[in-house]
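Notes follow the structure.
There are 2 protein chains.
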Amino acid sequence: MGATTRRSDRLGCKSSLERPSATDQLQVWTGRKRSTTALDVKESRYMLEDQVGYLLRQASQRHTALFQKIVPMDLTPTQFAALVKLAELGECSQNDLGRRTSMDVATIKGVVERLRAKGLVDVRSDPKDKRRTIISIPAEHAQIVPELHAAGHTISNLTLSPLSSAEQKSLLRLLKKLS
Amino acid sequence: MGATTRRSDRLGCKSSLERPSATDQLQVWTGRKRSTTALDVKESRYMLEDQVGYLLRQASQRHTALFQKIVPMDLTPTQFAALVKLAELGECSQNDLGRRTSMDVATIKGVVERLRAKGLVDVRSDPKDKRRTIISIPAEHAQIVPELHAAGHTISNLTLSPLSSAEQKSLLRLLKKLS
DNA sequence: CACACCTTGTTAGCATACTAACATAAATCA
DNA sequence: TGATTTATGTTAGTATGCTAACAAGGTGTG
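For the protein sequence lines, the chains are V and L, in the order given. With this note's numbering applied, the first sequence covers 1 to 179. With this note's numbering applied, the second sequence covers 180 to 358.
As structure tokens, then:
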């Protein structure tokens with residue numbers, strides 16, 4: 001967290017403190033003062049809509065919106081992920097389930113608690129390791145998993161539908177490479 | 180996030196596969212024990228790690244983690260987006276700012292309130308339209324915007340660093356096409 | 001065996017992100 | 001003009017997603 005201030009010296013922008021109003025320092029960032037090369041413009045221009053973080057956030061929002069319309073039983077994307085992974089594993093500890101679905105311990109606790117409240121998971125303590133909480137899908141709800149898989153495929157296809165088949169493959173490959 | 184996977188966890192889950200009742204059906208869905216045709220497998224197989232929603236969530240998490248390490252003044256990604264967009268616009272209404280940064284009215288209210296608490300934005304009511312709240316960056320903080328741009332570039336580059344230059348361009352293009 | 005360390009889980013607190021219900025002000029149209 | 005509709009903003013409630021501090025159960029090493 002202390003790493004935040006060490007980079008401010010690397011830009012000459014600090015010297016332009018004499019900026020009066022909020023609107024006219026746009027010209028400073030966009031490279032006003034000297035014979036501006038294309039490189040300068042590229043470095044100083046910052047378009048929020050072109051940044052990977054912003055685009056990821058937008059794409060996630062769109063996906064979540066599609067998700068809520070299609071998924072059965074009012075499951076959220078994370079609840080869905082936990083259930084699907086749990087079905088794949090048979091059963092596992094709460095922390096492990098979180099690890100395998102990219103949720104930290106605090107998040108997975110809440111997700112498991114809400115799934116338990118819906119009766120979609122069983123929660124019991126591990127007799128062999130008293131620290132552990134073992135999560136599993138009760139037998140009477142095992143049949144929902146194929147439904148989840150089907151809905152999941154539909155949601156993924158819908159989310160990716162603006163892209164061609166080749167583009168879809170490409171996007172998935174690049175996203176995997178990113179993590 | 181859960182950076183390391185301990186083998187004790189894997190073993191713990193696998194070894195406790197000496198099936199209580201719930202695990203019997205698992206073999207149906209995962210198709211382990213019978214003469215499953217290729218079509219069956221393809222239809223029933225659902226790999227969480229291959230789904231676009233899951234990959235988007237993971238990528239967003241990685242980006243956010245990088246963001247927090249680099250961005251100045253403890254800004255969150257959404258606070259950062261609001262500030263940068265506000266600098267671009269000069270000033271605008273609270274709802275409009277939310278619209279232009281992909282935040283709904285409830286979210287942008289909280290973001291603006293926290294930025295106001297830090298003194299990074301001014302909030303005043305519009306005399307010409309009494310419904311509106313006008314947000315702007317105070318003159319004494321105008322110089323932070325170039326720093327934000329520089330940090331933003333650093334964060335984007337770092338986030339995209341697992342990809343080649345061509346792959347980076349491709350990913351941004353595909354993500355834009357998705358929204 | 002004792003002790004340090006590691007892992008698991010809980011709790012509290014903060015920040016998005018969304019919905020729904022509500023109040024007020026502005027715009028539109030009959 | 002008056003009534004309806006639309007736009008802006010607020011509040012309450014729920015669900016991730018993260019940090020930090022804490023407790024308690026295992027592990028490993030000297």
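Think of the CB as a built atom: it goes at the ideal place given N, C-alpha and C, for glycine as much as any other residue.
Which of the three DSSP states is assigned to Ser93(V) in this structure?
As a working mapping, residue 93(V) is identified with position 93 in the first sequence. DSSP places Ser93(V) in strand when its eight states are reduced to three.
Which listed residue (Ser349(L), Leu353(L), Gln258(L), Glu346(L)) has its alpha carbon closest to that of Gly298(L):
Here residue 298(L) corresponds to residue number 119 of the second sequence, with the count starting at 1. Here the closest residue by C-alpha is Gln258(L).
Are the beta-carbon atoms of Leu276(L) and Ala296(L) separated by less than 9 Å?
The count along the second sequence starts at 1 and reaches residue 276(L) at position 97. The count along the second sequence starts at 1 and reaches residue 296(L) at position 117. Against a cut-off of 9 Å, the Cβ pair of Ala296(L) and Leu276(L) comes out as no contact.
Sort out for me which residues DSSP pairs Asp301(L) with in a bridge.
Position 122 of the second sequence, counted from the first residue, corresponds to residue 301(L). Paired residue(s): Ser315(L).
Against chain V, which members of the segment 236 to 247 of chain L pass a CB distance test of less than 7 Å?
Arg236, Gln237, Ala238, Ser239, Gln240, Arg241, His242, Phe246
If we cut at 9 Å on Cβ distances, does Ala260(L) have a partner in chain V?
Position 81 of the second sequence, counted from the first residue, corresponds to residue 260(L). Answer yes: the Cβ-Cβ gap between Ala260(L) and chain V drops below 9 Å somewhere.
When we look at the beta-carbon of Val112(V) and count the other beta-carbons within 10 Å, is it buried (16 or more) or exposed?
Taking the first sequence and counting its residues from 1, the one referred to as residue 112(V) is at position 112. Its Cβ being crowded by 16 or more others within 10 Å, Val112(V) is buried.
Just reading off the alpha helix (DSSP H) that Thr255(L) is part of, what are its end residues?
Position 76 of the second sequence, counting from 1, holds the residue named residue 255(L). Run containing Thr255(L): none; DSSP gives neither H nor E here.
So if I threshold CB-CB distances at 8 Å, which residues from the segment 145 to 163 of chain V count as touching chain L?
Val145, Pro146, Leu148, His149, Gly152, His153, Ile155, Ser156, Thr159, Leu160, Pro162, Leu163
Residue range of the alpha helix (DSSP H) that includes His153(V):
What you label residue 153(V) is simply residue 153 of the first sequence in a count that begins at 1. Where His153(V) is concerned, the enclosing alpha helix (DSSP H) stretches over 144 to 160.
By the criterion of Cβ-Cβ separation under 9 Å, what are the contact partners of Pro77(V) in chain L?
As a working mapping, residue 77(V) is identified with position 77 in the first sequence. Within chain L, the residues near Pro77(V) are Gly232, Tyr233, Arg236.
Selection from Met73(V), Ser125(V), Lys130(V) that minimises the alpha carbon distance to Glu91(V):
Along the first sequence, one-based indexing puts residue 91(V) at 91. Comparing Cα-Cα distances from Glu91(V) to each of Met73(V), Ser125(V), Lys130(V), the minimum goes to Ser125(V).
Backbone secondary structure at Gln237(L) - three-state DSSP
For this step, residue 237(L) is matched to residue 58 along the second sequence. Looking at Gln237(L) - three-state DSSP - the assignment turns out to be helix.
What residues from the segment 102 to 129 of chain V come within 9 Å of chain L, judged by C-beta to C-beta, listed N to C?
Ser102, Met103, Asp104, Val105, Asp122, Asp126, Lys128, Asp129
Rounded to a whole number of angstroms, what is the C-alpha to C-alpha distance between Leu254(L) and Pro306(L)?
Residue numbering aside, residue 254(L) sits at position 75 when the second sequence is read from its first letter. Residue numbering aside, residue 306(L) sits at position 127 when the second sequence is read from its first letter. The alpha-carbon atoms of Leu254(L) and Pro306(L) are separated by roughly 30 Å.
Spatial distance of Tyr233(L) from Tyr225(L) (CA atoms):
The residue you call residue 233(L) lines up with position 54 of the second sequence. The residue you call residue 225(L) lines up with position 46 of the second sequence. Distance between the alpha carbons of Tyr233(L) and Tyr225(L): 12 Å.
CB contact flag (Leu354(L), Leu56(V), <9 Å):
Numbered from 1 along the second sequence, position 175 holds the residue referred to as residue 354(L). Numbered from 1 along the first sequence, position 56 holds the residue referred to as residue 56(V). Yes, the Cβ-Cβ distance between Leu354(L) and Leu56(V) is below 9 Å.
Compare the Cα-Cα distances from Ile313(L) to each of Ser272(L), Thr243(L), Ala266(L) and report the closest residue.
Residue 313(L) sits at position 134 when you count from the first residue of the second sequence. Selected option, being the one with the closest Cα: Ser272(L).
Can you tell which of Arg279(L), Arg352(L), Glu228(L), Gly289(L) has the C-alpha that lies nearest to the C-alpha of Leu48(V)?
Locating residue 48(V) in the first sequence gives position 48, counting from the first residue. Nearest C-alpha to Leu48(V): Arg279(L).
Give me the Cα-Cα distance between Ser8(V) and Ala166(V), rounded to the nearest whole angstrom.
The residue you call residue 8(V) lines up with position 8 of the first sequence. The residue you call residue 166(V) lines up with position 166 of the first sequence. In this prediction, Ser8(V) scores a pLDDT of 30, lower than 50, which makes its location untrustworthy; no coordinate-derived value is stated.
What span of residues does the alpha helix (DSSP H) with Glu167(V) cover, start to end?
Walking along the first sequence from the start, residue 167(V) turns up at place 167. From DSSP, the alpha helix (DSSP H) with Glu167(V) extends over 165 to 178.
For a contact meaning CB atoms closer than 8 Å, what does Leu350(L) contact in chain V?
Along the second sequence, read from residue 1 onward, the residue named residue 350(L) stands at position 171. Listed by position along chain V, the residues whose Cβ is nearer than 8 Å to that of Leu350(L) are Val52, Leu171, Leu174, Leu175, Leu178.
Can you confirm whether Arg131(V), when its beta carbon is compared against all beta carbons of chain L, has any partner nearer than 9 Å?
Taking the first residue of the first sequence as position 1, residue 131(V) is located at position 131. Chain L, which has no Cβ nearer than 9 Å to the Cβ of Arg131(V), makes this no.
Cβ of Leu350(L) within 9 Å of Cβ of Asp50(V)?
Taking the first residue of the second sequence as 1, we reach residue 350(L) at position 171. Taking the first residue of the first sequence as 1, we reach residue 50(V) at position 50. Not closer than 9 Å, so no.
Near Val324(L), what residues of its chain come up, given a Cβ to Cβ distance below 6 Å and the 5 sequence neighbours on each side ignored?
Here residue 324(L) corresponds to residue number 145 of the second sequence, with the count starting at 1. Once the five neighbours on either side are set aside, the close Cβ partners of Val324(L) are Ala266.
Coarse secondary structure for Val71(V), derived from DSSP in three states:
Within the first sequence, numbered from 1, the residue matching residue 71(V) stands at position 71. Of the three classes helix, strand and coil, the one that applies to Val71(V) here is coil, per DSSP.
Looking only at C-alpha atoms, which of Lys348(L), Lys248(L), Pro341(L), Ala330(L) sits nearest to Val263(L)?
Taking the second sequence and counting its residues from 1, the one referred to as residue 263(L) is at position 84. Of the candidates Lys348(L), Lys248(L), Pro341(L), Ala330(L), the one whose C-alpha sits nearest the C-alpha of Val263(L) is Ala330(L).
Environment of Arg132(V) [buried if 16+ CB atoms lie within 10 Å]
Taking the first sequence and counting its residues from 1, the one referred to as residue 132(V) is at position 132. Buried.
Taking the alpha-carbon positions, what's the Ala142(V) to Gln58(V) distance?
Translated into the one-based positions of the first sequence, residue 142(V) becomes position 142. Translated into the one-based positions of the first sequence, residue 58(V) becomes position 58. Roughly 34 Å between the two C-alpha positions.
Note down, in chain order, every chain L residue with its Cβ under 8 Å from the Cβ of Val71(V).
As a first step, residue 71(V) must be located in the first sequence, where it is residue number 71. Within 8 Å Cβ-Cβ: nothing; Val71(V) doesn't reach chain L, min ~10 Å.
As a quick exercise: from Glu147(V), Lys169(V), Val121(V), pick the residue whose alpha carbon is nearest that of Ala139(V).
Residue mapping note: residue 139(V) aligns to position 139 of the first sequence, counting from 1. Selected option, being the one with the closest Cα: Val121(V).
Is the CB of Arg224(L) under 9 Å away from at least one CB in chain V?
As a first step, residue 224(L) is located in the second sequence; it is residue number 45 there, counting from the start. Cβ-Cβ to chain V under 9 Å: yes for Arg224(L).
Might you give, ordered along the chain, the residues of its own chain that have their beta carbon closer than 7 Å to the beta carbon of Thr154(V), omitting 5 neighbours on each side?
On the first sequence, residue 154(V) is found 154 positions in, with the first residue counted as 1. Within the same chain, Thr154(V) has close Cβ partners Ile70.
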